[in-house]
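This report concerns only the one structure given below.
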Amino acid sequence: MANKFMYEAMAEANKALAAGEIPVGAVIVKDGEIIARGHNLRQTLHDATLHAEVVAIREACEKLKDWRLEDCDIYVTLEPCTMCAGAIINARMRRVFFGAYDVEYGGAGGKIDLFAPCYFGSKTEVYGGIMEQECTDFLNNFFKSIRKKKSE
Numbered sequence: 011m012a013n014k015f016m017y018e019a020m021a022e023a024n025k026a027l028a029a030g031e032i033p034v035g036a037v038i039v040k041d042g043e044i045i046a047r048g049h050n051l052r053q054t055l056h057d058a059t060l061h062a063e064v065v066a067i068r069e070a071c072e073k074l075k076d077w078r079l080e081d082c083d084i085y086v087t088l089e090p091c092t093m094c095a096g097a098i099i100n101a102r103m104r105r106v107f108f109g110a111y112d113v114e115y116g117g118a119g120g121k122i123d124l125f126a127p128c129y130f131g132s133k134t135e136v137y138g139g140i141m142e143q144e145c146t147d148f149l150n151n152f153f154k155s156i157r158k159k160k161s162e
């Protein structure tokens, strides 16, 4: 089941790529149904907070008319950064599933684990490495193309 939703997050990442954004996508699931989608919009809307997770969380909160997303899971192609990990914790999300690990900025174990009980007493379960190779390759190919363009 996790792969099904990760494929949907990858579709969101493709939307980010088409818009000239770093290709990260997210979906939020409640009762086995996608209730919100998001992809990076930082460049497009000139807003540093518009990571895929934040975009999806805002949509889910609006749809449910509640800031608490306790019965929801988020699937994201890249490990959430500390800002996004904080947003997920504050939204009281049940579970986080992510694809690629982020050893530089990851907030779910790659660099730091904000979901560890010693920080915020978070009850959010975290599952990393879902379709890890596909998600990692997708991001690596994006950054390779950026470096290639800069060297031309």
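The sequence shown begins at 11 in this note's numbering and counts up one residue at a time.
Note that the Cβ used here is the ideal one computed from N, Cα and C, for glycine as well.
All values reported here derive from a predicted model rather than from experimental measurement.
Inter-residue CB distance, residue i and residue j (contact presumed, cutoff 8 Å)
i	j	result
Asp83	Phe107	7 Å
Leu60	Arg52	5 Å
Phe152	Tyr85	Rounded, the Cβ-Cβ distance is 19 Å, inconsistent with contact.
Arg102	Leu79	6 Å
Per-residue DSSP class, three states only, for residue i
i	result
Ile45	strand
Arg68	helix
Glu63	helix
Residue i - containing alpha helix (DSSP H), residue span
i	result
Ser95	Looking at the sequence shown, residue 95 is not Ser but Ala. Residues 92 to 100.
Leu149	142 to 161
Contact with chain B by residue i, beta-carbon distance below 8 Å
i	result
Thr59	No chain B is part of this structure, which consists of one protein chain only.
Boundaries (first-last residue) of the beta strand (DSSP E) holding residue i
i	result
Thr87	82 to 88
Ala110	105 to 110
Tyr137	135 to 137
Ala36	35 to 40
Discussion item. Count Cβ pairs between the stretch 88 to 99 and the stretch 61 to 68 that sit closer than 8 Å; are there 3 or more?
Written reply: Contact holds: three or more Cβ-Cβ distances are below 8 Å.
Worksheet item: At a cut of 8 Å, does the stretch 115 to 124 reach the stretch 71 to 80 through at least three beta carbon pairs?
Response: When C-beta atoms of the stretch 115 to 124 are compared with those of the stretch 71 to 80, fewer than three pairs fall below 8 Å, so the two segments do not count as touching.
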